[in-house]
Amino acid sequence: DTEVTQTPKHLVMGMTNKKSLKCEQHMGHRAMYWYKQKAKKPPELMFVYSYEKLSINESVPSRFSPECPNSSLLNLHLHALQPEDSALYLCASSQELIRLVHNEQFFGPGTRLTVL
Amino acid sequence: AQKVTQAQTEISVVEKEDVTLDCVYETRDTTYYLFWYKQPPSGELVFLIRRNSFDEQNEISGRYSWNFQKSTSSFNFTITASQVVDSAVYFCALSEGSGNQFYFGTGTSLTVIP
């Protein structure tokens, strides 16, 4: 099983809503990632968890709050988002992150988020 | 400065033609890793290859081949006998040995015309 799953596939939310994006992998990977991707742009790294600890936070606004309940699950909690936060949110996992050096990452299909 | 440059924004080829996607990177680290990913219209990024800085051997996988040249800081990707299913955005990426960031290039959108 080499799949990374993400739910929901699509999400529309208002600026006052609270919602969560979920990601799951069953490859035994110990590093998990959140990326944000705007149309026609490359993915931008947001957060990286290694062995369930937050290892990298790329100065992401606090309205995005990551959580890693266990090594297979990764959540992204959303609160008070802005319309400019509308994007494709991609989750990825890799075998591990050693001294912050990245291995090949395996991506989920993404959640397409629209903030009204 | 851009760490990974993919100068070709869009390329169109006719099916069965060969096509090369260029990638130029910049790093001061002696240890680093280069990657290629494919993103089809469905949106999911697909890992294609990882190459470390100490291995300059070219790689071939079916119709795909990669040419890594440290002298020119390039890691180019060639698709031989292109097919319509190769239509996608292709990203080159860099991970430095000093760690932390994962740098994607801006991507090359490839369209293969039947």
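Listed in order, the protein sequences are those of chains A and B.
For what it's worth, the numbering used here labels the leading residue of the first sequence as 63, then goes sequentially.
For what it's worth, the numbering used here labels the leading residue of the second sequence as 12, then goes sequentially.
Positions of the beta carbon are idealized from the N, C-alpha and C atoms, including for glycine.
From a predicted model like this one, the values you see are computed outputs, not experimental measurements.
Proximity of residue i and residue j at Cβ, strictly below 8 Å
{"i": "Thr-31(B)", "j": "Thr-89(B)", "result": "yes"}
{"i": "Ala-92(B)", "j": "Asp-29(B)", "result": "yes"}
{"i": "Phe-86(B)", "j": "Glu-67(B)", "result": "no"}
{"i": "Lys-80(A)", "j": "His-141(A)", "result": "yes"}
{"i": "Tyr-44(B)", "j": "Arg-62(B)", "result": "yes"}
{"i": "Tyr-113(A)", "j": "Ala-154(A)", "result": "no"}
{"i": "Gln-19(B)", "j": "Phe-102(B)", "result": "no"}
{"i": "Val-95(B)", "j": "Glu-26(B)", "result": "yes"}
{"i": "Cys-182(A)", "j": "Met-94(A)", "result": "Because chain A spans 63 through 178 in this model, residue 182(A) falls outside it and cannot be assessed."}
Identity of the residues DSSP links to residue i by a beta bridge
{"i": "Pro-128(A)", "result": "Leu-138(A)"}
{"i": "Gln-87(A)", "result": "Val-66(A)"}
{"i": "Thr-117(B)", "result": "None, per the DSSP bridge assignment."}
{"i": "Asn-119(A)", "result": "Phe-109(A)"}
{"i": "Leu-59(B)", "result": "Per DSSP, none; premise fails for Leu-59(B)."}
{"i": "His-72(A)", "result": "Arg-174(A)"}
{"i": "Gln-99(A)", "result": "Leu-150(A)"}
Buried or exposed by the 16-neighbour rule on C-beta atoms within 10 Å, applied to residue i
{"i": "Ala-101(A)", "result": "exposed"}
{"i": "Gly-90(A)", "result": "exposed"}
{"i": "Leu-56(B)", "result": "buried"}
{"i": "Ser-106(B)", "result": "buried"}
{"i": "Val-123(B)", "result": "buried"}
{"i": "Phe-168(A)", "result": "buried"}
{"i": "Phe-65(B)", "result": "exposed"}
Contact set for residue i: own chain, Cβ-Cβ below 8 Å, skip 5 residues either direction
{"i": "Gln-99(A)", "result": "Pro-105, Glu-106, Ala-149, Leu-150, Tyr-151, Leu-152 and Gly-172"}
{"i": "Ile-22(B)", "result": "Val-30, Leu-32, Thr-119, Ser-120, Leu-121 and Thr-122"}
{"i": "Val-24(B)", "result": "Val-30, Ser-93, Leu-121, Thr-122, Val-123 and Ile-124"}
{"i": "Arg-39(B)", "result": "none"}
Same chain, Cβ closer than 7 Å to residue i, five either side skipped, listed in chain order
{"i": "Pro-70(A)", "result": "Thr-173"}
{"i": "Thr-16(B)", "result": "Val-35 and Gly-116"}
{"i": "Val-177(A)", "result": "Met-75, Met-77, Leu-143, Gln-144, Pro-145, Asp-147 and Ser-148"}
{"i": "Ser-117(A)", "result": "Val-110, Tyr-111, Leu-159 and Leu-162"}
{"i": "Val-66(A)", "result": "Cys-85, Gln-87, Cys-153, Ala-154, Ser-155, Phe-168, Phe-169 and Gly-170"}
{"i": "Ser-82(B)", "result": "none"}
{"i": "Val-122(A)", "result": "Met-108 and Phe-109"}
Neighbourhood of residue i by C-beta distance below 6 Å, restricted to the same chain and skipping five residues each side
{"i": "His-72(A)", "result": "Arg-174"}
{"i": "Glu-37(B)", "result": "Lys-14"}
{"i": "Lys-127(A)", "result": "Here residue 127(A) is Ser; the residue named in the question, Lys, does not match the sequence. So the qualifying residues of the chain are His-139."}
{"i": "Gln-157(A)", "result": "His-91 and Asn-165"}
{"i": "Phe-46(B)", "result": "Arg-61 and Ala-104"}
{"i": "Ser-4(B)", "result": "Lying before the first or after the last residue shown, residue 4(B) is absent from chain B, which here runs from 12 to 125."}
heavy atom of the ligand GTP below 7 Å from residue i C-beta
{"i": "Ser-64(B)", "result": "Ligands are entirely absent from the displayed structure, and the ligand GTP is therefore not among its contents."}
TODO: Decide yes or no for the touch test of the region 102-117 of chain B against the region 157-164 of chain A: beta carbon pairs closer than 8 Å, at least 3 of them.
DONE: By the Cβ rule, the region 102-117 of chain B counts as touching the region 157-164 of chain A, because three or more pairs are nearer than 8 Å.
Open item on the list: Quick test of the definition: if touching needs 3 or more C-beta pairs under 8 Å, does the region 81-98 of chain A touch the region 131-139 of chain A?
Closed with: With the cut-off at 8 Å, the region 81-98 of chain A and the region 131-139 of chain A touch.
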